[in-house]
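Q:
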Amino acid sequence: MLKIAVCDDDRQMLGKMQQYLKDFDKLFRICLYSSGEALLNSGETYDFIFLDIDMRGISGIDTARMLRKKDRKAKIIYVTAYEDFRDYAFSVHAFAYLVKPVSKEKIQEILREALEYTETEDMGPSLCFHTTDGLLDVYIRDIYYFEYQNRQLKMATASGDVWIPDSIHHMAQKMESYDFLMPHKSFIVNLFHIRNLKGYDIFMTDGSIVPLSQKKSADFRKRLAAYLASRI
Numbered sequence: 107m108l109k110i111a112v113c114d115d116d117r118q119m120l121g122k123m124q125q126y127l128k129d130f131d132k133l134f135r136i137c138l139y140s141s142g143e144a145l146l147n148s149g150e151t152y153d154f155i156f157l158d159i160d161m162r163g164i165s166g167i168d169t170a171r172m173l174r175k176k177d178r179k180a181k182i183i184y185v186t187a188y189e190d191f192r193d194y195a196f197s198v199h200a201f202a203y204l205v206k207p208v209s210k211e212k213i214q215e216i217l218r219e220a221l222e223y224t225e226t227e228d229m230g231p232s233l234c235f236h237t238t239d240g241l242l243d244v245y246i247r248d249i250y251y252f253e254y255q256n257r258q259l260k261m262a263t264a265s266g267d268v269w270i271p272d273s274i275h276h277m278a279q280k281m282e283s284y285d286f287l288m289p290h291k292s293f294i295v296n297l298f299h300i301r302n303l304k305g306y307d308i309f310m311t312d313g314s315i316v317p318l319s320q321k322k323s324a325d326f327r328k329r330l331a332a333y334l335a336s337r338i
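Taken in order, the sequence shown gives residues 107 to 338; the numbers are from the numbering used here.
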């Protein structure tokens with residue numbers, strides 16, 4: 107479950123934010139903090155943080171700077187009464203800067219926007235392919251493997267199979283920098299989607315089994331091990 111933190115030393119504002127975010131409580135775990143110290147001392151990491159700037163004790167700017175030392179991904183959304191801290195806010199890569207008073211609609215709108223942005227980030231980059239049905243933009247993470255059949259390529263994706271009029275060697279060159287490798291003369295696999303490797307069978311996350319040729323086995327295993335080590 108995704109997590110939201112709201113940090114503001116105004117108890118009334120904390121109560122309003124709790125009500126504003128109530129519609130999302132089935133999607134998020136929502137935690138309230140009345141100071142930057144309390145948020146920092148919680149030891150928790152959050153996906154989204156609504157943060158006041160002018161608080162007693164540690165300011166919202168300094169709180170964000172300390173948070174950024176251990177978490178670069180959290181979306182920080184400032185909700186403050188002051189307009190003149192924008193430059194400081196964006197120095198800590200704030201996602202948004204809202205000036206009080208803010209409405210329930212505005213809070214929910216910016217949260218949906220941040221959520222959509224995060225989902226796009228998580229999917230990573232996409233590529234455009236010339237398929238038999240025209241141009242198609244596909245997230246790289248959605249591609250399981252390519253298989254050469256009848257002088258064209260079958261691209262197995264999370265949304266189904268797509269056919270591409272291209273050679274497997276050209277596609278292998280195109281996809282190598284995205285962590286795709288050829289374990290067999292007729293296949294290119296996305297290393298991200300390898301679930302297991304047993305003997306000369308590669309088990310993919312979609313349930314498919316891709317063959318590993320004996321000739322390519324040693325080099326493929328070495329490069330797969332390097333890829334897995336890089337993700338630790």
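Ideal placement from N, C-alpha and C gives every residue a C-beta, glycine not left out.
With respect to the alpha helix (DSSP H) encompassing D168, which residues constitute its N-terminal and C-terminal limits?
A: First-last of the alpha helix (DSSP H) with D168: G166 to R174.
Q: Consult DSSP for L133 and reduce its assignment to one of helix, strand or coil.
A: If DSSP states are grouped into helix, strand and coil, L133 belongs with coil.
Q: Taking 8 angstroms as the threshold (beta carbon to beta carbon), is A111 in contact with chain D?
A: Given the protein chain composition of this structure (a single chain), no chain D is represented.
Q: If you count every other CB in all the chains shown that lies within 10 Å of the CB of A335, and 16 or more means buried, which is it?
A: By the 10 Å Cβ count, A335 comes out exposed.
Q: Which of the three DSSP states, helix, strand or coil, is assigned to I63?
A: Any property of residue 63 remains undetermined from this structure, which presents the chain solely from 107 to 338.
Q: Terminal residues of the continuous beta strand (DSSP E) containing L259?
A: Its beta strand (DSSP E) spans residues Q258 to T263.
Q: Please classify T151: does DSSP put it in a helix, a strand, or coil?
A: Note: T151 maps to coil in three-state DSSP.
Q: Which complete alpha helix (DSSP H) runs does the segment 274 to 304 hold, if anything under 4 residues is left out?
A: Counting only runs of 4 or more, we get 274 to 281.
Q: Grouping DSSP H, G and I as helix and E and B as strand, with all else coil, what is M119?
A: Of the three classes helix, strand and coil, the one that applies to M119 here is helix, per DSSP.
Q: Can the beta-carbon of D177 be found closer than 8 angstroms to that of I110?
A: Contact: no.
Q: Output the distance between the C-alpha atoms of K280 and I308, rounded to the nearest integer angstrom.
A: If you take the alpha carbons of K280 and I308, they lie about 22 angstroms apart.
Q: Where W269 and D190 are concerned, what is the direct C-alpha to C-alpha distance, given to the nearest angstrom?
A: W269 and D190: Cα-Cα distance of roughly 54 angstroms.
Q: Is the beta carbon of Y47 less than 8 angstroms from the beta carbon of M288?
A: The structure shown does not extend to residue 47, since the chain is modelled only from 107 through 338, so no value can be given for it.
Q: Secondary structure at K179, three-state DSSP: helix, strand or coil?
A: Of the three classes helix, strand and coil, the one that applies to K179 here is coil, per DSSP.
Q: Using a 10 Å radius around the Cβ and a threshold of 16 neighbouring Cβ atoms, would you call T238 buried or exposed?
A: So T238 ends up on the exposed side.
Q: With a 10 Å radius around its C-beta and 16 neighbouring C-beta atoms as the bar for buried, classify T186 as buried or exposed.
A: Answer is buried; the Cβ neighbour count reaches 16.
Q: Taking Cβ positions, are I274 and I294 nearer each other than 8 angstroms?
A: Yes, they are a contact pair.
Q: Enumerate in chain order the residues of its own chain whose CB-to-CB distance from V244 is below 7 angstroms, with the five nearest sequence positions on each side excluded.
A: Counting only Cβ-Cβ distances below 7 angstroms, and skipping sequence neighbours, we find S232, L233, F235 and T263.
Q: Can you list, in chain order, the residues of its chain whose CB lies under 8 angstroms from that of M123, leaving out five sequence neighbours each side?
A: Contacts found: V112, D114, L138, F156, V185 and I213.
Q: Assign T224 to one of three DSSP states: helix, strand, or coil.
A: Residue state, collapsed to three classes: helix.
Q: Inspect the beta-carbon positions of D267 and Y333 and report whether they are closer than 8 angstroms.
A: The answer is no: Cβ separation not under 8 angstroms.
Q: Taking the alpha carbon of I300 as the reference point, which residue from S265, H290, Y188 and G313 has its own alpha carbon closest?
A: Checking every option, the nearest Cα to that of I300 belongs to G313.
Q: Contact check, I183 vs F201 under 8 angstroms by CB: the rounded distance?
A: Contact flag correct, Cβ pair sits at about 5 angstroms.
Q: Which same chain residues end up closer than 6 angstroms to A180 when comparing Cβ atoms and leaving out the 5 residues on each side of it in sequence?
A: Correct list, in chain order: Y152 and I155.
Q: Which of the three DSSP states, helix, strand or coil, is assigned to D243?
A: Note: D243 maps to strand in three-state DSSP.
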